[in-house]
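Asker: Starting off with a structure, shown below.
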Amino acid sequence: MKFAFFKENLDDLPYKILEDILEEDYRLNFSNYSEFYDLKGEIEKNIFTLYLHPINTREKIYIATYDLETKKILDHIDKNQLKKILFEENEKLESYKRQELERSSKIIISIIGLILGLIITYIVLKLINGGF
């Protein structure tokens with residue numbers, strides 16, 4: 005959504021701010037996960053304040069303050085501290101991904117077992133009732 009007064013795309017702005025702060029590290033380590041970060045912003049007057057809500061917590065961590073008129077970052081969290089926080093988020097996301105893959109594979113194996121059980125039951129019933 006474009007912010008009407010400043011022609012700024014607010015949907016992409018949090019990612020642009022992260023990229024500006026982290027520079028090359030963003031592309032190398034965080035761009036694959038960025039869509040999964042819970043980034044929220046607040047606009048007061050001409051200032052956009054960006055926060056990160058870590059997974060499974062109610063806290064919010066200040067990331068940066070951005071001026072919508074000048075399109076410049078006014079203040080931001082220390083780069084190394086931000087990298088540490090985002091690496092922790094990446095680890096949580098990887099953990100959730102592994103859990104979901106395990107859960108999905110168990111469901112698939114269960115469905116295959118059910119189908120094989122139905123096939124064997126069908127064959128046994130056909131043999132008992134007089135064959136094919």
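For the record, in the sequence shown the residue sitting at position 12 is 16 according to my numbering, with numbers rising by one throughout.
All residues carry an ideal CB built from backbone N, CA and C; glycine is no exception.
#1: How big is the Cα-Cα spacing for Lys87 and Lys75?
#2: When you compare each of Phe52, Glu73, Thr61 and Ile59 to Ile67 by their alpha carbons, which one comes out closest?
#3: Please check the pair Asp79 and Asn50, which I expect to be a contact at CB under 8 angstroms, by giving their CB distance rounded to whole angstroms.
#4: What is the C-beta distance between Tyr41 and Glu93, in whole angstroms, given that I count them as a contact (C-beta under 8 angstroms)?
#5: Using the Cβ count rule (16 or more neighbours within 10 Å means buried), how would you classify Ile112?
#6: Beta-carbon within less than 7 angstroms of Asp24's beta-carbon, same chain only, minus the 5 sequence neighbours each way: which residues are those?
#7: Just mark Ile21 as buried or exposed, buried being the case when its beta carbon has 16 or more other beta carbons within 10 Å.
#8: Suppose you measure from the CA of Thr69 to the CA of Glu98; what does that come to, to the nearest Å?
#9: State buried or exposed for Tyr126, treating a residue as buried only when at least 16 other CB atoms are found within 10 Å of its CB.
#10: How is Asn13 classed by DSSP in three states: helix, strand or coil?
#11: Whose C-alpha, out of Tyr30, Arg62, Asn84 and Asp29, is nearest the C-alpha of Lys44?
#12: According to DSSP, is Leu56 part of a helix, a strand, or is it coil?
#13: Is the Cβ-Cβ distance between Ile65 and Ile89 less than 9 angstroms?
Answerer: If we stick to the structure as given:
#1: 23 angstroms
#2: Phe52
#3: Not quite, the Cβ-Cβ distance comes to about 14 angstroms (not below 8 angstroms), so this is no contact.
#4: 6 angstroms
#5: exposed
#6: Listed in chain order, the non-local C-beta contacts of Asp24 below 7 angstroms within the same chain comprise Ile77, local neighbours out to five positions each way being set aside.
#7: buried
#8: If you take the alpha carbons of Thr69 and Glu98, they lie about 29 angstroms apart.
#9: So Tyr126 counts as exposed.
#10: strand
#11: Arg62
#12: strand
#13: yes
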